[in-house]
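Shown next, in structure tokens, is the structure this report addresses.
Residue numbers (our numbering): 10 to 342.
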């Protein structure tokens with residue numbers, strides 16, 4: 010199978026995801042929601058629709074055009090998946106498959122139904138992928154030529170040690186930032202709400218820190234965020250909200266509360282589910298300094314200035330996690 014054949018097959022998969030996948034797997038999607046309540050129908054559909062749109066012939070070709078591509082010596086690539094949001098590891102999977110390498114996939118227990126469904130459908134589209142896709146339970150370092158692993162800071166230390174003699178991409182915890190300049194309109198702030206609340210804020214691209222001008226009226230945010238008030242009806246989200254509100258009250262910390270989101274002044278990048286950090290800046294230099302200091306912990310930055318509000322969970326194919334070019338890594342093996 011050459012590159013163009015792989016692109017054509019993945020394009021057919023994209024068409025299937027857009028048009029048929031959800032209806033064909035209603036029962037499985039219901040099962041997924043029971044196994045992992047964070048994977049709601051809304052979030053699963055968002056992930057499926059996103060990948061259905063990305064997997065089209067023009068986008069795939071445009072993405073790969075920058076690479077000087079020759080048929081490579083195909084390797085065995087181990088991908089260790091995270092499971093914080095639906096299909097979070099699919100970009101790594103796509104990179105391995107489209108470059109022709111053999112994929113050895115260690116799934117997260119939190120997302121071990123959806124990905125196999127999609128990959129089995131890809132095999133139905135082109136049976137040659139059956140010789141390229143392998144699901145594994147046990148990790149044995151010596152079997153693989155390279156590793157792509159995503160996890161917590163602690164698991165990253167373990168992966169670094171265990172695979173110390175292998176070529177690898179190891180990703181740690183990251184968080185994302187939004188910059189508010191005060192010129193945003195209601196539509197802009199509603200797009201920001203998507204970046205904060207989509208996937209319950211569990212993704213590394215979910216906004217957990219807001220940078221706002223001094224004396225910014227946070228009520229503007231609450232108005233725009235109101236469309237996500239239904240999240241408080243989700244049991245696990247509500248449990249987080251109640252817990253973190255109790256902690257803030259017990260610690261006598263000042264915070265804002267709109268009944269489904271807590272906002273606290275803090276320069277910390279990471280914030281737990283239902284809690285959003287913010288800090289006030291005086292000038293652009295203060296913003297730049299914050300971004301520079303935290304560069305290695307930031308996944309993405311959205312703002313009206315760079316026209317990225319609402320795009321945090323819809324990255325382009327050439328937007329790589331941790332800014333590590335996976336295609337370049339795989340084609341250099």
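Beta carbons are placed, not taken as given, at the ideal position from N, Cα and C, and that holds for glycine. Quick caveat, the model's predicted, so the values are computed rather than measured.
query: Rounded Cβ spacing between residue 231 and residue 267 (contact assumed at less than 8 Å); result: 5 Å
query: For residue 104, the three-state DSSP class (helix, strand or coil); result: helix
query: Member of 200, 91, 220 whose CA lies at the smallest distance from the CA of residue 162; result: 91
query: Element boundaries [alpha helix (DSSP H), containing residue 296]; result: 293-302
query: 7 Å CB neighbourhood of residue 59 in its chain, flanking five on each side removed; result: 323
query: Chain-order list of residues whose beta-carbon lies under 6 Å from that of residue 114 (same chain, five-residue window excluded); result: 88, 144
query: Residues of its chain near residue 127, where Cβ-Cβ distance is below 6 Å and the 5 sequence neighbours each way are ignored; result: none
query: Neighbourhood of residue 42 by C-beta, 7 Å cutoff - its chain only, sequence neighbours within 5 removed; result: 48, 49, 50
query: Helix, strand or coil at residue 222 [DSSP, three-state]; result: strand
query: Same chain, Cβ closer than 7 Å to residue 327, neighbours up to 5 away in sequence not counted; result: 72
query: Bridge partner(s) assigned by DSSP for residue 258; result: Note: residue 258 sits in no beta bridge, so no partner.
query: Opposing strand residues paired with residue 185 [DSSP bridges]; result: 216
query: C-alpha gap between residue 200 and residue 99, whole angstroms; result: 24 Å
query: Any 3 or more C-beta pairs closer than 8 Å across the stretch 299-317 and the stretch 155-175; result: no
query: Three-way DSSP call (helix, strand, coil) for residue 265 in this model; result: strand
query: For residue 51, three-class secondary structure by DSSP; result: helix
query: Distance CB(residue 185)-CB(residue 216) smaller than 8 Å; result: yes
query: Buried or exposed (CB count within 10 angstroms, at least 16 for buried), residue 246; result: buried
query: Through-space distance from residue 81 to residue 281, alpha-carbon basis; result: 43 Å
query: Cα-Cα separation, residue 198 to residue 234; result: 8 Å
query: Closest residue to residue 67 among 17, 45, 86 (Cα-Cα distance); result: 17
query: Span of the beta strand (DSSP E) around residue 178; result: 176-180
query: Top-ranked residue by Cα proximity to residue 338, from 84, 169, 46, 45; result: 84
query: When 277, 317, 30 are compared against residue 131, the one with the closest alpha-carbon; result: 30
query: Nearest-angstrom Cα separation, counted from residue 64 out to residue 22; result: 7 Å
query: Supposed contact pair residue 86 and residue 153 - C-beta distance, whole angstroms, cut 8 Å; result: 7 Å
query: Rounded C-alpha distance that separates residue 239 from residue 250; result: 13 Å
query: Nearest residue (CA-CA) to residue 12, options 55, 110, 40; result: 110
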